[in-house]
Amino acid sequence: MRVLVVEDDQRIASDVSRTLEASGYVVETVANGEDALFLGDTEDYGAIILDLGLPGMEGLAVLKRWRTNGRHMPVLILTARGSWAERVDGIDAGADDYLPKPFRMEELLARLRSIVRRSAGHGSSIMSAGEITLDERQMKVTRRGVPITLSPLEYRLVAHLLRNRGRVVSPQEIDENVYGHGEEHDSNTLEVLVGRVRKKLGADAIETRRGFGYLMPEAPE
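Take any residue in the sequence shown, count from 1 to its spot, add 3: that is its number in my numbering.
Printed below as a string of structure tokens:
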């Protein structure tokens, strides 16, 4: 899943990015409101973490513009501790949740998972398709209850296909949501990755739709 982190404090942005990447997310960061507004309007993110105290264009104004423009991705706002008015304004502007600074990364991850689940209409951190089950909280994948060892890249692929189970996912969408910046890959890399995952989860776990993409069926045939 692609997550945009909008934070002008370089230390916080770096810490958050490392935490998210270690948890299987593909992360992009920007440090000002203008860039955040543009990316939120033109790119598709699974979620956005937005600091309200940004240079140039404040985070609250960015959030309002996104919602006015019909952008409904889940947004977690970062607020100053004790600033109840800021939190109220953020929720009224369309934020899905808030997190006051300073915060623990564990809480940030929990709140992020929560807003993503609510946005997708899921109430649990556990996703299943057929014999495959993924627990986002524990970052654990099982088949018929047996734990499966996956690389971070394999895990991100399985997680994205499970979030979109029953729908054909294009190679471009996988490229944007599974591969991180700086990860070298060519046109054959995705096929190799899918092949590795099939060996671990079963040949019928991921179906190929030639010319369209890949599908994780609700229940393999």
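Beta carbons are placed, not taken as given, at the ideal position from N, Cα and C, and that holds for glycine.
None of the values given here were measured: they were computed from a predicted structure.
Buried versus exposed, by CB contacts within 10 Å (16 or more), residue i
i      : result
Ile94  : exposed
Glu157 : buried
Asp44  : exposed
Thr211 : exposed
Val91  : exposed
Glu139 : buried
Glu10  : buried
Thr71  : exposed
Gly27  : buried
Cutoff 8 angstroms: residue i Cβ touching any chain D Cβ
i      : result
Ala162 : Considering every chain present, this structure includes no chain D. It has just one protein chain.
Reduced DSSP secondary structure (H/G/I, E/B, other) of residue i
i      : result
Asp100 : strand
Glu89  : helix
Met130 : strand
Gly216 : strand
Glu210 : strand
Arg107 : coil
Cβ distance (whole Å) where residue i is taken to contact residue j below 8 angstroms
i      : j      : result
Gly216 : Val144 : Actually they are not in contact, since the Cβ atoms of Gly216 and Val144 sit about 21 angstroms apart, beyond 8 angstroms.
Thr82  : Pro58  : Incorrect: roughly 17 angstroms between the Cβ atoms, too far for contact.
Arg121 : Ser128 : At roughly 12 angstroms, the Cβ-Cβ gap does not stay under 8 angstroms, so Arg121 and Ser128 are not in contact.
Leu42  : Leu7   : 6 angstroms
Tyr182 : Val29  : 7 angstroms
Arg159 : Glu221 : So it is not a contact: roughly 21 angstroms between Cβ atoms.
Notebook entry, point to check: Can at least three beta-carbon pairs, one atom from the segment 31 to 51 and one from the segment 71 to 82, be found at a separation below 8 angstroms?
Noted result: In short, these stretches touch, since the Cβ pair count reaches three.
Note to self: When you compare the segment 135 to 152 with the segment 194 to 208, are there three or more beta-carbon pairs, one atom per stretch, that lie closer than 8 angstroms?
What the structure shows: In short, these stretches touch, since the Cβ pair count reaches three.
Notebook entry, point to check: For the 8 angstroms Cβ check, are there 3 or more pairs between the segment 149 to 158 and the segment 60 to 71?
Noted result: No: fewer than three Cβ pairs fall under 8 angstroms.
Notebook entry, point to check: Which residue spans inside the segment 132 to 172 form an unbroken beta strand (DSSP E) run of at least 3?
Noted result: Counting whole runs of 3 or more residues, the segment 132 to 172 contains the beta strand (DSSP E) stretches 135 to 138, 143 to 146 and 149 to 151.
Next item on the list: Check whether the segment 104 to 112 touches the segment 13 to 25, taking contact to mean three or more Cβ pairs, one atom from each stretch, closer than 8 angstroms.
Entry: As far as the Cβ criterion goes, the segment 104 to 112 touches the segment 13 to 25, which means the pair count is three or higher.
Checklist line | alpha helix (DSSP H) segments (min. 4 residues) lying fully within the segment 26 to 81 | finding: The qualifying runs are 36 to 45 and 62 to 71.
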